[in-house]
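Reviewing the structure listed below.
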Amino acid sequence: MRRNFKSFFKFCLISVVTMVVTVLIFRSIENSNRVPVYEKLPLAKPQSYNEKIDWHNYNLIERDAKRTGPGEQGVPAYLNSVESENYEKLFRVNGFNAALSDKIALDRAVPDIRHKMCKSKKYLKDLPSVSVIVPFHNEHWTTLLRTAISVVNRSPPELLKEIILVDDFSSKEFSKKPLDDYLAANLSKAYVIHLPERSGLIRARLAGAKVATGEVLIFLDSHTECNVNWLPPLLEPIARDYKVCVCPFIDVIQYETFEYRAQDEGARGAFDWEFFYKRLPLLPEDLKHPAEPFKSPVMAGGLFAISSKFFWELGGYDEGLDIWGGEQYELSFKIWQCGGEMYDAPCSRVGHIYRKYAPFPNPGKGDFVGRNYKRVAEVWMDEYAQYLYMRRTHYKMLDPGDLTKQKALRERLKCKPFKWFMENVAFDLPLKYPPIEPDDFGVGEIRNLGAPELCVDSGFKERDQVVRIAKCAKRTNKKADQNFTLTWHKDIRVKGKTLCFDVSDPNDKADVTLYPCHGQQGNQYWRYDVDKQHFLHGGNPRCLDCDPGALRLFVTTCDDSSKTQKWRFENVNLTMLADWDNIGGILK
């Protein structure tokens, strides 16, 4: 029976792969001479308004280029011994180096890291007005102000109508009258809405959207910095078709040093079947046009532009979603399924601080994220909701609340089924994140045959930790971190965790470190050779080896005669290993 099931599963998997690859090939051929899609859309205004201009503020660019000081030009900054006195206290309540933020100018210069083609690109002269909405709860004073000031300084004044800061019942004193007074004296286009009770991120965004008067709503997080000429690339696609939503590239502001750097040069937003945000590679036609907006199935979350008209036609956010979680999927599915499109704009870049940890206490509302996910699944995902419930079985027992209004909205707008979304928008997602995952290649203890008393040990403290070997203790010490999985993604994971064995150093005897699993193989690609008992790393493989005396683990040139390069993997799935080349092939 098990053999028949595996044969059936293998047949289904190969069928899905064949179908998706065929779709990709035809799409590539069809778009080989691609014109950006939004350029084909009818103009929202008469053809006479089709004039394009250069929106760059060259005076500001010239002034910024001359700026010096801590954090200027986005270079890493540091505290001296005197300034470090408040470091721990402020870090604990913010999840980033707030003491350093106070040392950096509120209007600091950031590096222009756009693609070179963006620097000569022109945009429509007639663009819509903008309301920028920034929800916050106990945001640090200087990071909040730096967000607002970067919007004002780097936005054409004729386009920026207002900045609405939504105070979600903050307890920090400066979030009240001091903030109101500062904005009144220094930023005339910015003002604060103070919510009378804690409402959560989703309802705070809705509160700002309800009072906004701009033609386009732009949502930003409260610890961001807008880059050079960030606004026109977001607005032009919307000026041509009001049912288009546009997201900027999100750059990284490092939480410790406030260094400003690129996260990457673009990828399409996606998700796995636990609703973790993931990314898909750019399509070949997108790579040919690095300065043009490209379609993306799912937004990252809090940074996007959408016309006020379309946002409210879609009902805004589902008001039944509580605090945070799932809102980016709800809005993304709704945009695509109900007649809209979503793009990422490479020429619009906004830096974002990714906190080391979330400093806010649990709101005490149970599994509100799970309830949110179930609301999204029940309203928008049709039969595909079952794959979410297969991963998170307890969601079936959660009460998502009254869905009548949301289902009526979907019916009224004549929205397409989720199957259409999966086949036409996220068509390659099942290859990388299949609804039903293949079995693992192996799981368990990894014991060295040259030193049989030693096993690979993660130590499992945090990311970037070096993996070592230690005395095999799995059977006598249940806390020993010597249990690993060689997954169908072709990476080695600490069992039950999302940290993978990673080797980025090309030199001989390079360390193995723990790094968040990305599913892209590359530095995290591993294979087990059953016959030689080798763990091979990378496309130009090196072998996992160890120094028993120093308890050190590393990769080096493969040597069939070396006993320390031989490893016994506790439980190996020989059937899966025999089919290695047919599993996860798109990830190579």
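For the sequence shown, the positions run 1 to 588 when full-length UniProt numbering is used. Glycine included, every Cβ here is placed at the ideal spot set by N, Cα and C.
| query | Going by DSSP, what residues sit across from Trp567 in a beta bridge? | reply | BP columns for Trp567 point to Asn448.
| said: Please list the terminal residues of the continuous beta strand (DSSP E) segment that includes Met381. | reply: Here Met381 belongs to no beta strand (DSSP E), and DSSP marks it neither H nor E.
| Since Ser308 is in the alpha helix (DSSP H), which residue starts that stretch and which ends it? | Annotation: the continuous alpha helix (DSSP H) that includes Ser308 extends over Ser308 to Glu313.
| Is it a yes or a no for the segment 370-382 touching the segment 415-431, going by three-plus beta-carbon pairs under 8 Å? | Result yes; three or more Cβ-Cβ pairs closer than 8 Å.
| said: Can you look up Ala300 in the DSSP assignment and give me helix, strand or coil? | reply: Ala300 carries a coil assignment under DSSP once its states are collapsed to helix, strand and coil.
| Under 8 Å, do Lys495 and Val443 count as touching if we go by C-beta distance? | Yes, the Cβ-Cβ distance between Lys495 and Val443 is below 8 Å.
| request: Note down the Cα distance separating Arg114 from Val503, rounded to an integer number of angstroms. | output: If you draw a straight line from the Cα of Arg114 to the Cα of Val503, it is about 29 Å long.
| For Lys566, which option in Gln521, Gly366, Asn582 and Ile446 has the closest C-alpha, if you only look at C-alpha atoms? | Relative to Lys566, the option among Gln521, Gly366, Asn582 and Ile446 whose CA is nearest is Ile446.
| Is it true that the CB of Leu514 sits closer than 8 Å to the CB of Leu499? | For the pair Leu499 and Leu514, the CB atoms are nearer than the 8 Å cut-off.
| Short check: CB of Gly266 to CB of Pro359, under 8 Å? | Between Gly266 and Pro359, the C-beta spacing is not below 8 Å.
| said: Quick check: the Cα distance between Pro290 and Pro284, rounded to an integer number of angstroms? | reply: Cα to Cα, Pro290 sits roughly 11 Å from Pro284.
| request: Would you check whether the ligand SAH has a heavy atom nearer than 7 Å to the C-beta of Val503? | output: With respect to the ligand SAH, the structure shown offers nothing to examine, as it has no ligands at all.
| request: Indicate the three-state DSSP secondary structure (helix, strand or coil) for Phe131 in the structure shown. | output: What sits at residue 131 in the sequence shown is Ser, not Phe. When DSSP states are grouped into helix, strand and coil, Ser131 belongs to the strand group.
| task | Take Ile250 as the anchor and find which of Gly301, Gly340 and Pro548 has the nearest alpha-carbon. | result | Nearest to Ile250 by C-alpha distance, out of Gly301, Gly340 and Pro548, is Gly301.
| said: Quick check on the DSSP output: the alpha helix (DSSP H) that includes Ile164 runs from which residue to which? | reply: No alpha helix (DSSP H) holds Ile164; the beta strand (DSSP E) holding it covers Leu160 to Asp167.
| Start and end residues, alpha helix (DSSP H) containing Leu577 | For Leu577, the enclosing alpha helix (DSSP H) begins and ends at Leu574 to Ala578.
| Below 8 Å between beta carbons: does that hold for Leu106 and Leu145? | Yes. Within cutoff.
| Secondary structure, alpha helix (DSSP H): runs of 4+ residues fully inside the segment 207-290 | For secondary structure counted as the alpha helix (DSSP H) over 4 or more consecutive residues, the segment 207-290 holds these complete runs in sequence order: 231-240 and 284-287.
| Using the beta-carbon count (16 or more within 10 Å), is Gly71 buried or exposed? | That one is buried.
| Candidates Ile238, Cys247 and Ile253: which alpha carbon is nearest Thr224's? | The option with the nearest alpha carbon to Thr224 is Ile253.
| said: Cutting at 7 Å between CB atoms, please list the residues of its own chain near Leu398, excluding the five before and the five after it. | reply: For Leu398, same chain residues with a beta-carbon under 7 Å away, outside a window of 5 residues either side, are Asp367, Gly370, Arg371 and Lys374 in chain order.
| field | Same chain, Cβ closer than 7 Å to Leu403, neighbours up to 5 away in sequence not counted | value | Excluding positions up to five away in sequence, the list reads Arg375, Glu378 and Val379.
| query | Who does Ile353 pair with in a DSSP beta bridge? | reply | Bridge partners of Ile353 according to DSSP: Ile253.
| Among Arg261, Arg63 and Lys66, the one whose alpha carbon lies nearest that of Pro76 | The closest CA to that of Pro76, considering only Arg261, Arg63 and Lys66, is found on Arg261.
| query | How should Glu30 be labelled, buried or exposed, when 16 other C-beta atoms within 10 angstroms of its C-beta is the threshold for buried? | reply | With a pLDDT of 43 at Glu30, under the threshold of 50, the modelled position of this residue cannot be trusted; read the value that follows with caution. Exposed is the call here.
| Residue range of the unbroken beta strand (DSSP E) whose run includes Ile492 | Per DSSP, Ile492 is one residue of the beta strand (DSSP E) stretching across Ile492 to Val494.
| query | Taking the C-alpha atoms as reference points, what is the distance between Ser332 and Gly401? | reply | Rounded to whole angstroms, Ser332 and Gly401 show a C-alpha spacing of 21 Å.
| field | Straight-line Cα distance separating Phe427 from Gln328 | value | Rounded to whole angstroms, the separation of the alpha carbons of Phe427 and Gln328 is 19 Å.
| query | How big is the Cα-Cα spacing for Val456 and Ala510? | reply | Rounded to the nearest angstrom, the gap between the Cα atoms of Val456 and Ala510 is 15 Å.
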